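J.: Be aware that the sequence shown starts at 0, since it is given in numbering that gives the first Met the number 0, and climbs by one per residue.
By construction, the Cβ of each residue, glycine as well, lies at the ideal position given by its N, Cα and C atoms.
Just so you know, these numbers come straight off a predicted model, no measurement behind them.
Before I ask anything, let me first share the structure, which is written out below as structure tokens.
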Amino acid sequence: MRDEDDDTVDAVGAVTEALEYVERARGHLYSFHQLIGHADLLLGRACEALREAGHHQVAERLSGELVGRNVLHGRWTFEVVEEFDDSYWSVFRDQERRVRDELVGGRRHLHEAAMKEREQRGAPSGNGDEARR
0 MRDEDDDTVD
10 AVGAVTEALE
20 YVERARGHLY
30 SFHQLIGHAD
40 LLLGRACEAL
50 REAGHHQVAE
60 RLSGELVGRN
70 VLHGRWTFEV
80 VEEFDDSYWS
90 VFRDQERRVR
100 DELVGGRRHL
110 HEAAMKEREQ
120 RGAPSGNGDE
130 ARR
């Protein structure tokens, strides 16, 4: 199935697993972006409702302090997402691909492929790899 030694396959797999966690974190960052954006729209509507109910001072305070506010100094969430994508996530992906290209011919999930082969032959892995499927 493969020509690479087990230590190399395991090490490359560890780099890929780290990227998988970064991918999950990126998903959470996009969730954060969407949740904050939605909350901002809801707060804007709430401020309008407060105005219509005659609470202009409260509505103006909330609107002035929060609606459209930067979540980080000088940045909205879309800018945080873009900076993360450009300066971290894309670099991590490129480096993970480069490691695979250099060490295992670009192939992905070699560890899992070996585990699949063992399990389909009926040979137990015996090393707790079940969670890596």
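Am I right that ARG99 and VAL11 are in contact with their C-beta atoms under 8 Å? What's the rounded C-beta distance?
T.: 6 Å
J.: With a Cβ-Cβ cutoff of 9 Å, do GLY19 and VAL103 count as a contact?
T.: According to the sequence as given, residue 19 is Glu; it is not Gly. No, the pair does not count as a contact, with Cβ atoms beyond the cut-off.
J.: Rounded to whole angstroms, what is the Cα-Cα separation between GLY36 and ALA52?
T.: 25 Å
J.: By alpha-carbon positions, which one of GLU59, SER86 and GLU82 ends up nearest to LEU42?
T.: GLU59
J.: Could you check which residue in ALA48, HIS72, VAL90 and PHE77 has the C-alpha nearest to that of TYR29?
T.: PHE77
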